[in-house]
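Undergrad: Residue numbers (the numbering used here), protein chains in the order written: chain A, 352 to 465; chain B, -17 to 95.
Think of the CB as a built atom: it goes at the ideal place given N, C-alpha and C, for glycine as much as any other residue.
My questions all concern the structure below.
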């Protein structure tokens, strides 16, 4: 099973709201990733967790706050977002974030900020 | 620094015709190379990967890719395209010891009847 699940599929939020995106995998992977993808563009890496520790933050604004409660779960907490943050947010996981194993992606959460 | 170039933004292929999508990478050592496919509004699905060994790799859905070190290329091929292959295709490069994938800008494949 190479499935990564993400909830919700769609999210509409105002600029003053607080919401969270959730990602889950049951493949025993120890690395998990958040990407942001704008229309007609490739995914852009935001965060990497390796063995439940934040290992990469690609200078993402603090209004995005990642959390890795355990090796199967990854959350992205959203607060005071801007309309330009509207995008498809993709979660991915890999066996080991250090050795360059392939990443498996979830279906994404389509976020609209109004 | 690693980089990936996909020179074709759009490609249109007739159903049943062969397909080749181009990918060139820049990296000093032996890279890890991937091809992903994305249907509209969906996540990315891994088609195939190259880490080492045989330079011709087979993937899912009848796709294959050939690693050519001398040309710094990793082109994706399919002998006969189906209408369901219409999607965005991304080439990506990773490096041993690094957690980051670098994606190309993507090639949109259109399949005509």
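1) Rounded to whole angstroms, what is the Cα-Cα separation between residue 68/B and residue 365/A?
2) State buried or exposed for residue 31/B, treating a residue as buried only when at least 16 other CB atoms are found within 10 Å of its CB.
3) Output the boundary residues of the beta strand (DSSP E) element that contains residue 395/A.
4) By a C-beta neighbour count over all protein chains shown, 10 Å radius and 16 as the cutoff for buried, is residue 60/B buried or exposed?
5) With the cut-off set at 8 Å, would you say residue 70/B and residue 86/B are in Cβ contact?
6) Kindly indicate which residue of 355/A, 416/A, 413/A and 436/A has the alpha-carbon position closest to the one of residue 390/A.
7) Look up residue 76/B in the DSSP assignment and say whether it is helix, strand or coil.
8) Using a C-beta to C-beta distance shorter than 8 Å, which residues of chain A count as neighbours of residue 24/B?
9) On the criterion of 16 or more Cβ atoms from any shown chain inside 10 Å, does residue 445/A qualify as buried, or is it exposed?
10) Cβ of residue 442/A within 8 Å of Cβ of residue 384/A?
11) Leaving aside the five residues before and after residue 428/A along the sequence, list all residues of the same chain whose C-beta is less than 6 Å from its C-beta, in chain order.
12) Name the chain B residues whose beta carbon is nearer than 7 Å to that of residue 454/A?
13) When the cut-off is 8 Å and only beta carbons count, does residue 417/A lie next to chain B?
TA: Answer, in terms of the structure:
1) 34 Å
2) buried
3) 395 to 401
4) buried
5) no
6) 436/A
7) strand
8) 458 and 459
9) buried
10) yes
11) 371 and 416
12) 83
13) no
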